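Chains as they are written, first to last, in the working numbering: chain E, 1 to 243; chain R, 1001 to 1127.
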């Protein structure tokens, strides 16, 4: 016999934060960042790569959706989340309707795709589109390390307008980060990324001490993971997050 | 009909859900017919901070009975479970473990704690 449903189920026992939208930045026609300033004394401690779970008030229900923190843990800057419109995406539609001064409720931080400490060996960051969000604070952390290994960013998008944070990337280049942009049709993005990885970090030498951080949307991420691991990179040296 | 009994380490009362796997999805979160999908569809709350996208471990459950009635775990799920606290040989992510057997009798424990909420302070203290 099925038990009756309990009355009200608390959505979470974790601390719930409120963030006031302090600024809105449109990266392009369909990609936006919201800058959230925690209300009151609350301060969110997080690791580069983590995300927050935002409560979205939709028709007849409230749903929780994860949004990666694109800003860095260091400093007093507000928390930045970056997202783009997706066909039929009700949650992101709600976020696009928000105005400066409004508040969002969220919990977190969450996620295991993190850079817990400064990298100790060469790192290659691979991202496409908005999936640069978790990579951005990772690279900043890597650049802040006292002994800095070689850092490379392999970043793909269907056009230049969808390569985000180019100003940051330019600064990173001055600081020694190698930047390799990939512009390709959406359907071919992961083919291109896989080809570059194959040539540069698999076929070029037998060094398998590098660390990879891969973030993107869809099964292509898993394809890159498999490519690297099957080439001899240690499982834990290939970190990834697939959305 | 399949059943899931949920035992909460936090002390909340156990829950028993009876359902037909062929009715999935129940809540459209996680894999259709997954433990998470079934439980949310029956008003049993399990944390799922990433929205059931296999990107965190907040829905970590320990399967006490019926483990072999669940779908096989993927490499992605295993990679995440590696970082879950209190990992056991029968740990699963509720968003990925799908129940297909119409007569499955599953018992899961929801751990009291997860470390999905890793803060900078905690990370520093570990290093």
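Glycine included, every Cβ here is placed at the ideal spot set by N, Cα and C. Bear in mind the structure is a predicted one, so any value in this text is a computation, not a measurement.
Boundaries (first-last residue) of the alpha helix (DSSP H) holding residue i
{"i": "residue 174 of chain E", "result": "166-174"}
{"i": "residue 244 of chain E", "result": "Outside the modelled stretch of chain E, which goes from 1 to 243, sits residue 244 of chain E, for which no answer is possible."}
{"i": "residue 190 of chain E", "result": "189-197"}
{"i": "residue 140 of chain E", "result": "132-144"}
From the options, residue whose alpha carbon lies closest to that of residue i
{"i": "residue 168 of chain E", "options": "E/60, E/139 and E/214", "result": "E/139"}
{"i": "residue 51 of chain E", "options": "E/232, E/171 and E/72", "result": "E/72"}
{"i": "residue 226 of chain E", "options": "E/46, E/20, E/207 and E/190", "result": "E/190"}
{"i": "residue 197 of chain E", "options": "E/89, E/221 and E/99", "result": "E/221"}
{"i": "residue 108 of chain E", "options": "E/34, E/66 and E/187", "result": "E/66"}
{"i": "residue 1019 of chain R", "options": "R/1010, R/1037 and R/1109", "result": "R/1037"}
{"i": "residue 64 of chain E", "options": "E/179, E/35 and E/53", "result": "E/53"}
{"i": "residue 120 of chain E", "options": "E/233, E/111, E/132 and E/145", "result": "E/145"}
{"i": "residue 97 of chain E", "options": "E/79, E/135 and E/58", "result": "E/58"}
{"i": "residue 1002 of chain R", "options": "R/1084, R/1011 and R/1065", "result": "R/1065"}
{"i": "residue 202 of chain E", "options": "E/230, E/175 and E/180", "result": "E/230"}
{"i": "residue 136 of chain E", "options": "E/242, E/69, E/36 and E/61", "result": "E/69"}
{"i": "residue 1052 of chain R", "options": "R/1092, R/1107 and R/1088", "result": "R/1092"}
{"i": "residue 244 of chain E", "options": "E/118, E/147 and E/132", "result": "Given a span of 1 to 243 for chain E in the structure shown, any question on residue 244 of chain E remains unanswerable."}
{"i": "residue 77 of chain E", "options": "E/20, E/232, E/236 and E/205", "result": "E/20"}
{"i": "residue 15 of chain E", "options": "E/44, E/94 and E/224", "result": "E/44"}
{"i": "residue 241 of chain E", "options": "R/1107, R/1094, R/1112 and R/1079", "result": "R/1079"}
{"i": "residue 1042 of chain R", "options": "R/1057, R/1049, R/1056 and R/1025", "result": "R/1025"}
{"i": "residue 26 of chain E", "options": "E/188, E/163, E/147 and E/236", "result": "E/163"}
{"i": "residue 1060 of chain R", "options": "R/1050, R/1067, R/1081 and R/1075", "result": "R/1081"}
{"i": "residue 22 of chain E", "options": "E/29, E/80 and E/30", "result": "E/80"}
{"i": "residue 1102 of chain R", "options": "R/1011, R/1021 and R/1009", "result": "R/1021"}
Residue i and residue j closer than 8 Å at C-beta
{"i": "residue 17 of chain E", "j": "residue 38 of chain E", "result": "yes"}
{"i": "residue 213 of chain E", "j": "residue 82 of chain E", "result": "no"}
{"i": "residue 1035 of chain R", "j": "residue 1007 of chain R", "result": "no"}
{"i": "residue 1046 of chain R", "j": "residue 1110 of chain R", "result": "yes"}
{"i": "residue 182 of chain E", "j": "residue 151 of chain E", "result": "no"}
{"i": "residue 175 of chain E", "j": "residue 143 of chain E", "result": "yes"}
{"i": "residue 210 of chain E", "j": "residue 232 of chain E", "result": "no"}
{"i": "residue 1057 of chain R", "j": "residue 112 of chain E", "result": "yes"}
{"i": "residue 184 of chain E", "j": "residue 171 of chain E", "result": "no"}
{"i": "residue 117 of chain E", "j": "residue 30 of chain E", "result": "no"}
{"i": "residue 1075 of chain R", "j": "residue 1054 of chain R", "result": "no"}
{"i": "residue 194 of chain E", "j": "residue 223 of chain E", "result": "yes"}
Bounding residues of the beta strand (DSSP E) (the contiguous stretch that carries residue i)
{"i": "residue 239 of chain E", "result": "238-242"}
{"i": "residue 36 of chain E", "result": "31-38"}
{"i": "residue 1008 of chain R", "result": "1002-1008"}
{"i": "residue 85 of chain E", "result": "First-last for residue 85 of chain E: undefined, no H or E at that position."}
{"i": "residue 96 of chain E", "result": "It is not in any beta strand (DSSP E) - residue 96 of chain E instead sits in the alpha helix (DSSP H) that spans 90-97."}
{"i": "residue 156 of chain E", "result": "151-157"}
{"i": "residue 26 of chain E", "result": "17-28"}
{"i": "residue 227 of chain E", "result": "Per DSSP, residue 227 of chain E belongs to no beta strand (DSSP E); it is in the alpha helix (DSSP H), 220-230."}
{"i": "residue 124 of chain E", "result": "123-128"}
{"i": "residue 147 of chain E", "result": "Looking at the DSSP string, residue 147 of chain E is not in any beta strand (DSSP E), and its letter there is neither H nor E."}
{"i": "residue 163 of chain E", "result": "Looking at the DSSP string, residue 163 of chain E is not in any beta strand (DSSP E), and its letter there is neither H nor E."}
message = Quick check for students: name the residue ranges of the beta strand (DSSP E) that lie wholly in the segment 1028-1072 of chain R, counting only runs of 3 or more.
response = You should have 1060-1065.
request  = Spell out a yes or no on whether the segment 209-218 of chain E and the segment 125-140 of chain E are touching, meaning 3 or more CB-CB pairs, one atom from each, closer than 8 Å.
outcome  = With a cut-off of 8 Å, the segment 125-140 of chain E and the segment 209-218 of chain E count as touching, because enough Cβ pairs lie within range.
ask   = Quick check: the segment 155-163 of chain E against the segment 89-106 of chain E, are there 3 or more CB pairs under 8 Å?
value = With the cut-off at 8 Å, the segment 155-163 of chain E and the segment 89-106 of chain E do not touch.
key: Contact the segment 1085-1105 of chain R vs the segment 1019-1035 of chain R: 3+ CB pairs below 8 Å   = A contact exists between the segment 1085-1105 of chain R and the segment 1019-1035 of chain R.
task = State whether the segment 1011-1018 of chain R contacts the segment 1070-1084 of chain R, with contact taken as three or more CB pairs (one from each stretch) at a distance under 8 Å.
result = Note that the segment 1011-1018 of chain R does not touch the segment 1070-1084 of chain R; fewer than 3 beta-carbon pairs, one per stretch, sit closer than 8 Å.
message = Which runs of the beta strand (DSSP E) at least 3 residues long sit entirely within the segment 1073-1108 of chain R? Give them in chain order.
response = As for any beta strand (DSSP E) of minimum length 3 sitting wholly inside the segment 1073-1108 of chain R, the runs are 1091-1093, ordered along the chain.
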